[in-house]
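Enquirer: Below is one structure. I have some questions about it.
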Amino acid sequence: PKNNKNSKSLKNKFKKIKIAKSNQEVLDRSNWIVLSVTPKVGKQILGKLKFKRNHTVLNFISTIHNQELKKIIFPAKQIFKIAPLPMIKYNLGPIIIYPRNKIVESFFNRLGKVIATSNEKENKKLWVMTSFMATYLEIFNTAHKWFVKKGINENKSKEYINHLFKALNNQLLINSNYSMDKMVKEFQTKGGINAELLMRAKKFGVFKNLNKGFDKIYNRVQKS
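Its first residue numbered 14, the sequence shown is counted upward by one per residue in this note's numbering.
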């Protein structure tokens with residue numbers, strides 16, 4: 014009901030979809046409830062809605078945790094904190110689920126790689142890495158812009174970097190039990206260009222500042 018244009022678009026793609034007139038109607042006609050709004054909007058609207066004891070609530074809201082949510086949506090008790098990423102539309106990417114539940118995990122395993130935990134502290138730490146997407150893409154974007162600035166065709170630039178990142182990510186996936194420190198060493202030679210760029214990145218504090226950024230995000234997640 015929130016976005017008429019999106020609702021109609023989804024209705025045209027998936028015939029089983031029914032458009033409700035209000036958020037409350039969605040709750041009244043559903044067993045599983047997905048909360049996928051910004052934290053600000055969530056705090057504005059959730060307290061006005063009437064939840065049922067038998068509702069299974071999937072909480073996608075980044076900074077509203079389950080304990081806080083239980084008070085807002087009482088008497089609903091079955092609440093799961095879930096972090097699907099945009100790549101889910103391609104059935105790709107990690108999906109954080111807290112706490113563990115076989116039925117919920119089975120549903121999301123069809124949409125990506127479930128990373129489940131029953132430890133709330135671990136859950137909050139895992140959520141920190143959902144903040145890394147734009148930064149990762151900006152690394153790609155920086156390399157792409159450098160290519161273009163040096164006269165490389167845009168399509169050729171993207172093609173090269175796409176396949177480079179894909180190959181490196183595949184290297185990580187097929188060697189998931191391999192030492193990361195060892196892999197970094199194996200992808201450079203003494204005095205070579207990989208060693209030089211890595212040395213310069215470390216000298217400029219790229220990785221120290223990235224770690225500081227993760228710490229700041231973790232503090233924000235903990236306090237919310």
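Even for Gly, the Cβ is constructed at its ideal location relative to N, Cα and C.
1) Among the residues of its own chain, which have a CB less than 6 Å from the CB of I108, if the five just before and after it don't count?
2) On the DSSP letters alone, give me the boundaries of the alpha helix (DSSP H) that I206 sits inside.
3) Is Y191 helix, strand or coil by DSSP?
4) Got a sec? Which residues, its chain only, sit under 7 Å from H157 by beta carbon, not counting five neighbours each side?
5) Would you please state the rounded distance, in angstroms, between the beta carbons of N67 and N44? I believe it to be under 8 Å.
6) What's the C-alpha gap between M193 and F200?
7) Cutting at 6 Å between CB atoms, please list the residues of its own chain near K70, excluding the five before and the five after it.
8) Q235 to E135, Cα distance in whole Å?
9) If you count every other CB in all the chains shown that lies within 10 Å of the CB of I77, and 16 or more means buried, which is it?
10) Tell me, to the nearest whole angstrom, how far the beta carbon of G60 is from that of I74; I am working on the premise that it is less than 8 Å.
11) Helix, strand or coil: how does DSSP classify T202 here?
12) Let's see if you can read the secondary structure: which residues bound the alpha helix (DSSP H) around F87?
13) Measure from the C-beta of F160 to each C-beta in chain C and report whether the shortest distance is under 8 Å.
14) Shortest alpha-carbon distance to M196 belongs to which of G204, G205 and L185?
15) Can you list, in chain order, the residues of its chain whose CB lies under 7 Å from that of S189, leaving out five sequence neighbours each side?
16) Rounded to whole angstroms, how far is the Cβ of Q94 from the Cβ of Y231, which I believe are closer than 8 Å?
17) Using a Cβ-Cβ cutoff of less than 7 Å, which residues in the same chain neighbour A180 once the five nearest sequence positions on both sides are dropped?
Expert: Result, derived from the coordinates:
1) Taking I108 as the centre and dropping the five residues before and after it, the same chain places the C-beta of P97, F121, G125 and V127 closer than 6 Å to its C-beta, in chain order.
2) Where I206 is concerned, the enclosing alpha helix (DSSP H) stretches over I206 to K216.
3) Residue state, collapsed to three classes: coil.
4) So the qualifying residues of the chain are S170, K171 and I174.
5) About 7 Å separates the two Cβ atoms, so the contact holds.
6) Put simply, the backbone Cα of M193 is about 11 Å away from that of F200.
7) Residue identity check: residue 70 is Val in the sequence provided, not Lys. Around V70: I46, A89 and I92.
8) Q235 and E135 have their C-alpha atoms roughly 11 Å apart.
9) Note on I77: 16 or more other CB atoms within 10 angstroms of its CB, so buried under the neighbour-count rule.
10) That pair is no contact at about 13 Å.
11) In the three-state reduction of the DSSP assignment, T202 falls in the coil class, being assigned neither a helical nor a strand state.
12) No alpha helix (DSSP H) holds F87; DSSP gives it neither H nor E.
13) Protein chain content of the structure displayed is limited to a single chain, and chain C is not contained in it.
14) Scanning G204, G205 and L185 for the CA closest to the CA of M196 turns up L185.
15) Same-chain partners within the cutoff: there are none.
16) It is Lys, not Gln, that sits at residue 94 in the sequence shown. No, K94 and Y231 are not in contact; Cβ-Cβ is about 15 Å, not under 8 Å.
17) Contacts found: none.
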